[in-house]
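Going by our numbering, the final residue of the sequence shown carries number 290, and the count climbs one at a time with no gaps. Cβ coordinates follow ideal geometry from the N, Cα and C atoms, glycine included. These figures come from a predicted structure and were not determined experimentally. Some notes on the structure that comes next.
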Amino acid sequence: MDFHGPITPATKNGNKYIILLTDVLSKFVITKAVRDCTASTAVQFLIEEVIIKYGTPKCILTDNGTHFTATMMNELFKKIGVTHLYSTPYHPMTNGQIERFNATMDAKIVALSNEKRTNWDEQLPFVTFNYNATIHKTTGQIPFELIYGRSPTLFFDQQQPLVTLSQDPEHKSKLNQYLLTLTEQAKVKILEQQRKYKDRYDRYRANPTYKVGDLVLIKTFNKRNKFDIRYEGPFKITQQLGRKTFIVQHIKKHILIRKVTIDVIISLYERKYMD
């Protein structure tokens with residue numbers, strides 16, 4: 016689950032953000048245009064747009080933003096029995112599904128919005144439906160079909176002149192078997208894509224080693240334009256939490272301490288090869 020924004024300009028309704036949640040297996044996306052990115056907005060979205068309509072998730076992955084770490088959100092998770100996981104800071108691949116959807120969504124919303132782009136919130140439901148009704152590359156399945164057990168009826172689908180309501184006593188068992196088949200196929204495709212991504216990543220990614228005391232730079236992800244600095248620092252590695260996770264501290268701004276992964280770290284002497 017994540018907030019996307021602030022989006023400029025705000026809409027005529029005052030909406031500046033999009034809050035969204037993606038199901039890991041089906042890739043089904045739930046979205047809503049909102050005015051702010053507060054904890055109360057996140058709680059309202061989770062209750063009204065997710066739990067009431069689709070049931071309670073077993074686990075939810077978010078970033079470490081205050082809107083997701085607030086007491087209000089934590090209390091809700093405890094009451095409904097949801098396991099709350101956090102993505103690693105400055106490691107966007109952890110929450111990569113939402114990042115990829117954001118890129119797709121932005122382009123389509125711009126194409127559908129008016130000239131001033133003040134009605135993007137009105138186009139959001141259409142963009143979301145289009146995404147959910149399209150075959151996903153990773154699973155090879157339509158997200159809508161994995162959730163509802165049937166193909167979506169599109170706006171221009173031809174309809175039969177007469178509608179008959181036949182009853183099938185075995186419908187429930189057939190539907191469950193159908194969904195089970197789709198789910199297994201989706202799992203196989205996901206594992207296959209993950210293997211391909213890993214092979215590609217391993218092929219082009221060196222395996223640098225870092226130790227406590229090393230001076231490094233950290234990749235910048237919140238650039239406003241292509242001319243912004245790509246790396247910031249220098250930082251010193253002060254602690255190693257795991258094989259690929261470190262705590263770093265800015266060598267001049269000592270209060271600037273971050274938890275990062277090896278993917279966003281480069282040694283000072285590596286920079287001339289990376290830029």
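Using a Cβ-Cβ cut-off of 6 angstroms (strictly less than) and excluding sequence neighbours within five positions of residue 272, which residues of its own chain qualify? 264
Less than 8 angstroms between the CB atoms is what I'm expecting for residue 161 and residue 43, so what's the real figure, rounded? Between the beta-carbon of residue 161 and that of residue 43 there is about 7 angstroms, and that keeps the pair under the 8 angstroms contact cut.
What number of angstroms, rounded off, separates the C-alpha of residue 290 from the C-alpha of residue 282? Low per-residue confidence applies at residue 290: pLDDT is 42, beneath 50, and the placement is therefore not dependable, though the value from the model is reported in the following sentence. So the alpha carbons of these two residues sit roughly 12 angstroms apart.
Please name the residue in 100, 26 and 58 whose C-alpha comes closest to that of residue 124. 26
Between the alpha carbons of residue 94 and residue 129, how many angstroms are there, rounded? 42 angstroms
Buried or exposed, going by whether 16 or more other CB atoms sit within 10 Å of the CB of residue 287? For residue 287, the pLDDT reaches just 42, beneath the cut-off of 50, and the residue's location in the model is therefore unreliable, although a value from the coordinates is still provided. Exposed.
What does residue 231 pair with, by DSSP beta-bridge criteria? Residue 231 is bridged to 250 and 282.
Whole angstroms are fine: how far does the CA of residue 205 sit from the CA of residue 197? One C-alpha to the other measures close to 12 angstroms.
Using a Cβ-Cβ cutoff of less than 6 angstroms, which residues in the same chain neighbour residue 18 once the five nearest sequence positions on both sides are dropped? 32, 34 and 52
Using only CA atoms, which one of 256, 120, 248 and 259 lies nearest to residue 269? It is 248.
For residue 262 versus residue 227, is the C-beta spacing smaller than 7 angstroms? no
Where does the unbroken alpha helix (DSSP H) through residue 84 begin, and where does it stop? Looking at the DSSP string, the run of the alpha helix (DSSP H) that includes residue 84 is 81-84.
Considering only the beta carbon of each residue, do residue 246 and residue 232 sit closer than 7 angstroms? Against a cut-off of 7 angstroms, the Cβ pair of residue 232 and residue 246 comes out as a contact.
Within the continuous beta strand (DSSP E) that includes residue 17, where are the two ends? 17-19
Runs of 3 residues minimum, wholly inside the stretch 36-81: which ones carry the beta strand (DSSP E) assignment? 44-49 and 74-77
Considering only the beta carbon of each residue, do residue 143 and residue 201 sit closer than 7 angstroms? no
What does residue 162 pair with, by DSSP beta-bridge criteria? Partner(s): none; residue 162 has no beta bridge.
Measuring CA to CA, which of 84, 136, 55 and 277 is closest to residue 21? Comparing Cα positions, the closest option is 136.
Look at residue 77 and residue 16 and say whether their C-beta atoms are less than 7 angstroms apart. yes
Kindly indicate which residue of 256, 141, 250 and 189 has the alpha-carbon position closest to the one of residue 266. 250
Let me check one thing: in DSSP terms, what residues is residue 274 bridge-paired to? 262
Pick helix, strand or coil for residue 23, following the three-state DSSP scheme. Looking at residue 23 - three-state DSSP - the assignment turns out to be coil, as it is neither helix nor strand.
Bridge partners of residue 34, per DSSP? 18 and 47
Helix, strand or coil at residue 255 [DSSP, three-state]: strand
Inter-residue Cα distance where the pair is residue 68 and residue 54: 20 angstroms
At which residues does the beta strand (DSSP E) containing residue 133 begin and terminate? Premise fails: residue 133 is in no beta strand (DSSP E) and is neither H nor E.
Going by beta-carbon coordinates alone, are residue 60 and residue 73 separated by less than 7 angstroms? Going by C-beta atoms, residue 60 is not nearer than 7 angstroms to residue 73.
Would you mind giving the Cβ-Cβ distance between residue 163 and residue 116, rounded to the nearest angstrom? I have them listed as a contact below 8 angstroms. Not confirmed; about 19 angstroms, so no contact.
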